[in-house]
Amino acid sequence: MSILITICSKSPNSILYNCIEQLYKIQIQGSTDYKICVVDSDSSDVTYYEKIKKDFPDVELCFVKNKHYEYGAWKYIYTKYPSYNIYFCIQDSITIEKGIDLTLIDNNNAYTFHHNSGYNSDLEVKQRGIENLKNSEIKDESICDIVEIINDNFTLAQHSCFIVNNYVMKDILNTLTIPPIDKIGSRFYERNFGLYFIIKNIYTFDISPFIKKISGNRL
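Under the numbering used here, the residue at position 214 of the sequence shown is numbered 243, and the numbers go up by one with no gaps.
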């Protein structure tokens, strides 16, 4: 099984270093099945990557001036590497605390970073988020079917983090086709990724018992 870990990074610092170090120590454990790519989101200072390159020479650093937040990182990597079995997508502020069983992932099962608040925890982004769904490749009847869910505390993919197989990764990008262009877009995409899994009837295991979100100066 081939696994591609993509880390969306902004203003790299020791938090990113810890993220990579913990992945190697806890999740990868010497396995040759894994590849790590770090996609930089147009950071103004990229000097810290020199330390990453020195200490983790197998990590691929991608300087692509990504301005579409996590969505842009996931799309860039899938376009570049479309043949991996598993796509493990996280922010640079996430560290692994316990190993994650990836054998559970298939066309009907995935991991997301659960947060059961829907749009209710961030009503400022709701209108734009729904418009984004309508302008993507989600059928109108699907949106009508989930009106009650949209107004409820549905499970979002917090920080746009998830682990899916190839089929689902491709379908996500073919379904949610309008990238975020600002921080509000990044915030509503956490919700729209969550709604994607609901609309597609994909069961999501909660990744939060296995990871920790590290607070820092990530923008």
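Ideal Cβ placement from N, Cα and C applies to all residues, glycine included.
Taking every protein chain shown into account, the CB of P238 has fewer than 16 other CB atoms within 10 angstroms, so this residue is exposed.
Contact between T35 and C118 holds, with the beta-carbon distance rounding to 5 Å and staying under 8 Å. Here the alpha carbon of Q51 sits roughly 29 Å from the alpha carbon of G214. The stretch 121–179 contains, as complete alpha helix (DSSP H) runs of 4+ residues, the segments 155–164, 169–174 and 176–179 (chain order). The bridge partners DSSP lists for Y63 are I32. Short of 6 Å from the beta carbon of F92, and not among the five residues preceding or following it, lie these beta carbons of its own chain, in chain order: D69.
At a cut-off of 3 residues, the continuous stretches assigned as beta strand (DSSP E) that sit fully inside the stretch 184–210 are 184–194. Less than 9 Å separates the beta-carbon of G101 from that of P208. For S237, the three-state secondary structure derived from DSSP is helix. In this structure, DSSP gives S215 a helical state, which the three-state scheme calls helix. Residues of the same chain with a CB within less than 7 Å of the CB of Y110, apart from the 5 flanking positions on each side, are L33 in chain order. Straight across, the Cα-Cα distance linking Y116 with I167 is about 22 Å. In the three-state DSSP reduction, D69 falls in the strand class (E or B).
In the structure shown, K96 adopts coil according to DSSP, grouped into three states. DSSP places I115 within a strand segment (E or B) once states are collapsed to three. In the DSSP assignment, Y77 falls outside any alpha helix (DSSP H), carrying neither H nor E. In this structure S171 touches I228 by the C-beta definition: roughly 5 Å separates them, less than 8 Å.
Taking N149 as the centre and dropping the five residues before and after it, the same chain places the C-beta of N182 closer than 7 Å to its C-beta, in chain order.
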